[in-house]
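If you're matching positions, the sequence shown starts at -8 in the numbering used here and goes up one per residue. From the three backbone atoms N, C-alpha and C, an ideal C-beta is built for every residue, glycine too.
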Amino acid sequence: MTQTTTARRRIFSGIKPSGHLTLGNYLGAVRRWVQEDQDNADALFCVVDLHALTVEHDPARVRRLTRQAATLLLAAGLDPERCTLFVQSHVDEHARLSYLMECTATDGEMRRMIQYKEKAARERSSGTSVRLSLLTYPALMAADILAYGTHEVPVGDDQTQHVELARDLAQRFNQRYGPVFTVPRATNPRISARVMDLQDPTSKMGKSHAETAGIVYLLDEPEAVRKKIMRAVTDSGTEVRYDRTAQPGVANLLDVLASCTDGKPEVLAGEFTSYGALKKATAEAVLELLRPVRARHAELCADPSYVEGVLRTGAERARGLARPRVDAAYAAIGLLPPA
Ligand code: TRP
């Protein structure tokens, strides 16, 4: 193959420290970063703390969740020898480039983003004012991606629209000012699952949800994990079938079980004759999967200087990669380089 002569693919992905990491984050994204991306590409993983400031926030909590997310990513198996792990705000290039993206994007483009429309509507209806950064968020996300010459962005489908915008902005910038940016594309997870809320199996198991009974957090005590899964909403009926439309609750449990055990949900369905047995098996499989992650997390918490060192080294490498490209963008758009 001629692969060896081409440069390694660069992958960038981010995780927002706006809540505790969930089983949904793990099975939907992080596990693939660990098992595939860090070995097959030059991968950068970023705890995107600036993005956690777009809605009302508690400063101490964001700080704590940022450290915790980084620690959990290491506990889950990201290896600083094989990938670059860092915190977004440690690398000035993100904010620097974000401004140029705001000068490349249009107001209409930003207002069309589905996530903005949904979140802004939710905030307004609860009487909270909407931060301007919620609107400009995709410009910062485009900067995250474009600063590194990223080829691929592994994200869930709720982020595809933002990655497409980053593509448009890269192309537009290159056309107007010269070829500075690589045009990225979103990749959809092959080995990952879309995990739904256990109490509301038609909506995603998200970390910023207010109601937590349907969400399994990676750091939940085993007893809490068991309880949440045993109390998962199932469907009326008694038969265990894999049918996402007719039986979303049961299908979600089968997806989680399949994802934990590398099985197929359609096949697993045939192995259970009651919802109770399915829940029990799913709970045990999840606990088995999380046990080593929790153990490693506890070890890492006892050694905070190790985690700090990883983040320092990660930020240094990231800075070195981003700086020349962002400088080139500044020059191309017409800003006088400092002497
Ligand atoms: N917007 C993403 C999310 O909410 C997080 C994110 C920020 C991201 N910047 C990114 C993901 C760059 C991929 C690439 O999940």
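Under the DSSP definition of a beta bridge, which residues are partnered with M187? K195
With the cut-off set at 9 Å, would you say G19 and R185 are in Cβ contact? yes
Quick check on K7: buried or exposed, where buried means 16 or more other Cβ atoms within 10 Å of its Cβ? buried
Who are the Cβ neighbours of E307 in its own chain at under 6 Å, not counting the five residues just before and after it? none
Simplified DSSP state of A34, which is helix, strand or coil: strand
Give me whichever residues DSSP pairs with R55 in a beta bridge. Per DSSP, R55 has no beta bridge partner at all.
Say the cut is 8 Å; is the CB of D98 nearer than that to a heavy atom of the ligand TRP? Result no, Cβ not under 8 Å from the ligand TRP.
Express the C-alpha separation of G140 and P343 in angstroms, rounding to a whole number. The structure shown does not extend to residue 343, since the chain is modelled only from -8 through 330, so no value can be given for it.
Out of N165, C94 and P175, point me to the one whose CA is closest to R0's CA. P175
Would you please state the rounded distance, in angstroms, between the beta carbons of V25 and A67? I believe it to be under 8 Å. 6 Å
Q(-6) to A320 span [Cα, whole Å]: Reliability fails at Q(-6), whose pLDDT of 47 lies under 50, so the model's placement of it is uncertain and the value that follows must be treated cautiously. When rounded, the distance between both Cα atoms is 29 Å.
Kindly indicate which three-state DSSP category Q(-6) falls into: helix, strand or coil? Since pLDDT at Q(-6) reaches only 47, below the 50 mark, its modelled position is unreliable, and the value read off the structure follows with that caveat. Helix at Q(-6).
Should P256 be labelled buried (16 or more other beta-carbon atoms within 10 Å of its own) or exposed? Flag for P256 reads buried.
Using DSSP's beta-bridge definition, name the partner residues of I6. V38
Pull the bridge partners of R115 from the DSSP assignment, please. Beta-bridge pairing links R115 to no other residue.
Length of the line joining the Cα atoms of G240 and D191: 8 Å
Does the beta-carbon of M104, which I'm using as the reference point, lie nearer than 8 Å to any heavy atom of the ligand TRP? no
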